[in-house]
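Input: a single structure, listed below in structure tokens.
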Amino acid sequence: MTAFISDNHVHSTFSEDGKQDMETIVKKAIEKKMKYITFTEHVDYNPADDGYLYFQYEKYSLAVEAMQKKYCDSITILKGIEFGEPHLYHTFFMKETKRNYDLIMGSLHWHGDRFYGGKQMAARFNADDIMKIYYEDTMNMLEYGGFDVLAHLDFPKRYYKFENTVSKRMDEILKTIIKKDIILEVNTSGFRKGYMNLIPDQNVLMRYHELGGRKISLGSDAHHGDELMADFHLTENLECFEQTLFINRKRIVI
Ligand SMILES: [Zn+2]
Ligand SMILES: [Zn+2]
């Protein structure tokens, strides 16, 4: 992969859990000599999520436009969303797909009213069962499709620190990603959460490659300017993959 000039997974205060406003983050991105930044604000329709109905498209859209106008000489600012469990919220998801985005990520955070990193889930199920259920939900989401990038595959491991395993089920998931022409995200947020691995980890990424997967989307999952491109240097050995970004929902290899 080339030098790191792009972060495809960033949250500002247009997400409920964002810690900094968009302009502060853009300034930080320019300081870090980034050429592209893709905001991927949370869009959630699970009532259990703190961000339920928080997202405001018009305000977000205007803010991206204003920032792009102001900083166009220094950086390209791209407008994306991280849509939670799209397969469960068909009408809402369809509405978003008709809007003018650069990138739509599909993301899985919840199983019913249980968060895939929360105590409730861990109290009810053991590690094997959590991952079994998670993979089932992931398959349903992938079969539904309609998004460009699958966010943080193996997300529960970021919280529960489960052992690395590449199961048969994972093979099916990776094959489906390739078949449906969805891009796999490599998410570096685990290093900030004590998981100390890429999400998904190197074993899964190598299996993805073996099965024919070549394109990845690299994201820090930053919720603060200081986290932009955090730990990207730990992906340097992934040169067998092509790093992509999205403009008007069309992929570009960088
Ligand atoms: Zn997420
Ligand atoms: Zn995110």
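Take the sequence shown: its position 37, counting from 1, is numbered 36 in numbering that gives the first Met the number 0, and each next residue is one higher. Yeah, the Cβ is synthetic: ideal placement off N, Cα and C, and Gly gets one too. Model, not experiment: these values are computed from the prediction.
Buried/exposed call for Pro46, threshold 16 Cβ in 10 Å: Within the sequence shown, residue 46 is the residue found at index 47, counting from 1. That one is exposed.
Neighbourhood of His223 by C-beta distance below 7 Å, restricted to the same chain and skipping five residues each side: As a working mapping, residue 223 is identified with position 224 in the sequence shown. The answer, listed in chain order, is Lys18, Gln19.
Return helix, strand or coil for Glu15, following the three-state DSSP convention. Here the question's residue 15 lines up with position 16 in the sequence shown. In this structure, Glu15 counts as coil in the three-state DSSP scheme.
So what does DSSP say about Thr274, is it helix, strand or coil? Residue 274 lies beyond the range of the chain shown here (0 to 253); nothing can be said about it.
Pair within 8 Å by beta-carbon distance, Ile177 and Gly212: Taking the first residue of the sequence shown as position 1, residue 177 is located at position 178. Taking the first residue of the sequence shown as position 1, residue 212 is located at position 213. Cβ distance < 8 Å, so Ile177 and Gly212 count as in contact.
Mind listing, in chain order, the continuous beta strand (DSSP E) runs of no fewer than 3 residues lying wholly within the segment 157 to 225? 182 to 186, 214 to 218
Mapping the DSSP letters down to three states, classify Leu52 as helix, strand or coil. Taking the sequence shown and counting its residues from 1, one reaches residue 52 at position 53. Leu52: coil per DSSP, three-state reduction.
Please write down, chain order preserved, every residue whose beta carbon lies under 6 Å from a heavy atom of ligand 1. Glu81, Ser106, His108, Ala150, His151
In three-state terms, what does DSSP make of Arg248? In the sequence shown, the residue the question calls residue 248 occupies position 249. Arg248 falls in the coil class under three-state DSSP.
Between which two residues does the beta strand (DSSP E) containing Asp6 stretch? Mapped onto the sequence shown, residue 6 falls at position 7. That run of the beta strand (DSSP E) goes 5 to 9.
Taking only heavy atoms of ligand 2 into account, decide whether any of them is closer than 7 Å to the Cβ of Ile220. To locate residue 220, count along the sequence shown from 1; it is residue 221. With the sequence shown as reference, residue 220 is identified as Asp, and Ile is not the correct amino acid for it. Under cutoff, so the answer is yes.
Is the CB-CB distance between Leu237 and Arg206 below 8 Å? Mapped onto the sequence shown, residue 237 falls at position 238. Mapped onto the sequence shown, residue 206 falls at position 207. No, the Cβ-Cβ distance between Leu237 and Arg206 is not below 8 Å.
Buried or exposed for Val148, please, with buried defined as at least 16 other CB atoms from any protein chain shown within 10 angstroms of its CB. Numbered from 1 along the sequence shown, position 149 holds the residue referred to as residue 148. Buried: at least 16 other Cβ atoms inside 10 Å.
Please report the Cβ distance between Phe231 and Phe3, rounded to the nearest whole angstrom; I am assuming they are in contact, meaning their Cβ atoms lie under 8 Å. Stepping through the sequence shown from its first residue, residue 231 is reached at position 232. Stepping through the sequence shown from its first residue, residue 3 is reached at position 4. Right, their Cβ atoms sit about 5 Å apart.
Alpha carbon to alpha carbon, how far is Cys239 from Leu210? Give it in angstroms, no decimals. For the purposes of this step, residue 210 is taken as the residue at position 211 of the sequence shown. For the purposes of this step, residue 239 is taken as the residue at position 240 of the sequence shown. It is roughly 13 Å from the alpha-carbon of Leu210 to the alpha-carbon of Cys239.
Arg123 (DSSP reduced to helix, strand or coil): Taking the first residue of the sequence shown as 1, we reach residue 123 at position 124. If DSSP states are grouped into helix, strand and coil, Arg123 belongs with the helices.
What are the partner residues of Thr75, as DSSP defines its beta bridges? The residue given as residue 75 occupies position 76 in the sequence shown. Bridge partners of Thr75: Tyr35.
Please report the residue range of the beta strand (DSSP E) in which Met104 lies. To locate residue 104, count along the sequence shown from 1; it is residue 105. Element bounds for Met104: 102 to 106.
For Leu217, does the count of other Cβ atoms within 10 angstroms reach 16, so buried, or fall short, so exposed? Reading the sequence shown from its first residue, position 218 is the one you call residue 217. Its Cβ being crowded by 16 or more others within 10 Å, Leu217 is buried.
Rounded separation between Val63 and Ile253 - CA only: Within the sequence shown, numbered from 1, the residue matching residue 63 stands at position 64. Within the sequence shown, numbered from 1, the residue matching residue 253 stands at position 254. Roughly 22 Å between the two C-alpha positions.
Local conformation of Leu303 per DSSP, three classes: Shown here, the chain extends from 0 to 253; a query on residue 303 therefore has no answer.
What's the gap between the Cα of Lys44 and the Cα of Phe91? By 1-based counting over the sequence shown, the position of residue 44 is 45. By 1-based counting over the sequence shown, the position of residue 91 is 92. The question names Lys, yet the displayed sequence has Tyr at residue 44. If I take the Cα positions, the gap works out to 8 Å.
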